[in-house]
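In full-length UniProt numbering, the protein residues as written are 1 to 99.
Beneath this line is the structure, given in structure tokens, with notes to follow.
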Amino acid sequence: MVYGIIMAGGKGLRMNSNIPKQYMILDDKPILVHTVEAFLCSNLFNIVYIVIGNVWKEYTNELLLKYFSKPQLDKIKLYPCEPLSRTYSLSQAINNIVN
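The structure is reproduced here in structure tokens:
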């Protein structure tokens, strides 16, 4: 089984916005949706994990339900994580996959 991990827990502080950059709209869709579509369309991964901050879990869930079909959703797993340092989040996602 091959897993993809999308690190989407950043706050996007350099974007000077209240919304993290992964949720900003680009061509009528959030950037995160474009990223997930690319992972799914590549057919390289059996499962795609999305690492997000705990506070964005509900919002991200709603986005996924809006933009993806049931078969696609079966291949997507959300992994809310705190604290959101890149190293800690990635290691926790990998540990979750292994276990």
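Heads up, the beta-carbon is just placed ideally off N, CA and C, and yes, glycines get one too.
This one's a predicted model, so the numbers in the text were calculated from it and none came from an experiment.
Starting from residue i, trace the alpha helix (DSSP H) in both directions and tell me its first and last residue.
i	result
residue 136	Only positions 1 to 99 of the chain appear in the structure, and residue 136 is not among them; the question remains open.
residue 64	57–67
Apart from the five residues just before and just after residue i, which ones in its own chain have a Cβ nearer than 7 angstroms to its Cβ?
i	result
residue 78	50, 52, 57, 60 and 61
residue 26	34
residue 67	29 and 33
residue 64	73 and 76
Between which residues of its own chain and residue i is the CB-CB distance below 8 angstroms, once the five residues before and five after are set aside?
i	result
residue 6	32, 35, 36, 39, 48, 49, 50 and 51
residue 1	46 and 47
Quick one: what's got a C-beta closer than 6 angstroms to residue i's C-beta in the same chain, skipping five residues either side?
i	result
residue 12	20 and 21
residue 93	5, 49, 51 and 79
residue 15	21
residue 44	none
Under a Cβ-count criterion, where at least 16 other Cβ atoms within 10 Å of its own Cβ denotes burial, should residue i be classed as buried or exposed?
i	result
residue 85	exposed
residue 76	buried
Check the Cβ-Cβ distances between residue i and every residue of chain D, and say whether any is below 7 angstroms.
i	result
residue 78	Although the question refers to chain D, the structure presented lacks it and comprises just one protein chain.
Which residues bound the beta strand (DSSP E) around residue i?
i	result
residue 44	Taken as a continuous stretch (DSSP letters only), residue 44 belongs to no beta strand (DSSP E), as it is neither H nor E.
residue 23	It is not in any beta strand (DSSP E) - residue 23 carries neither H nor E in the DSSP assignment.
Under 7 angstroms between the Cβ atoms of residue i and residue j?
i	j	result
residue 9	residue 89	yes
residue 97	residue 23	no
residue 99	residue 82	no
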